[in-house]
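Counting from 1, position 82 in the sequence shown corresponds to residue 83 in our numbering; the numbering is continuous, with no gaps.
C-beta: ideal position from N, C-alpha, C; glycine also.
Quantities reported herein were computed from a predicted structural model and do not represent experimental measurements.
Below is one structure, written out as structure tokens; the observations come after it.
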Amino acid sequence: MNRLAAGVFAVAVSFLLTPRADAHAMLDRATPRVGAVVHAPPTSITLEFSEGVEAALAHVTLSDSHGAAVQLGRASSATSDKRILSVPVKPALTAGTYTVTWRVVSVDSHVTQGDFKFTVRP
Ligand SMILES: [Cu+2]
């Protein structure tokens with residue numbers, strides 16, 4: 002490889018390795034909504050991302066106000082839209098504030114994570 006080709010190659014590699022914020026799966030919206038106060042305990046948590054995510058690699062947890070884990074079912078993506086992930090909530094949630102923590106791998110293999118709270122107030 003001559004010097005020019007090597008330079009072009011290095012630039013191309015650095016471009017490929019540079020994370021692009023716009024290509025990552027960020028949380029666009031959720032149900033229950035981020036920070037929401039809901040009156041009916043949710044039976045599932047739905048997360049909608051800016052990019053498609055791999056449901057099999059998604060890690061979603063729910064904890065109550067004491068930090069105790071709440072049992073969730075397996076995350077699955079909507080058949081028509083891989084940006085939407087749905088996770089069943091097993092027990093009926095009692096009143097309190099809950100924290101959803103998510104970690105996903107988008108279809109471009111980038112990992113993103115975050116968390117948010119919602120409150121159940123029957
Ligand atoms: Cu990405």
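In the DSSP secondary-structure assignment, T62 is bridged to T102. For secondary structure counted as the beta strand (DSSP E) over 3 or more consecutive residues, the stretch 28-87 holds these complete runs in sequence order: 28-32, 45-50, 60-64 and 77-79. With a beta-carbon spacing of about 6 Å, V61 and L73 fall inside the 8 Å limit used to define contacts. Taking a 10 Å sphere around the C-beta of A93, we find fewer than 16 other C-beta atoms and assign the residue as exposed. Contact residues of ligand 1 (beta-carbon closer than 6 Å to any heavy atom; chain order) are A24, H25, S107, D109 and H111. With fewer than 16 neighbouring CB atoms inside 10 Å of its own CB, A57 falls in the exposed class.
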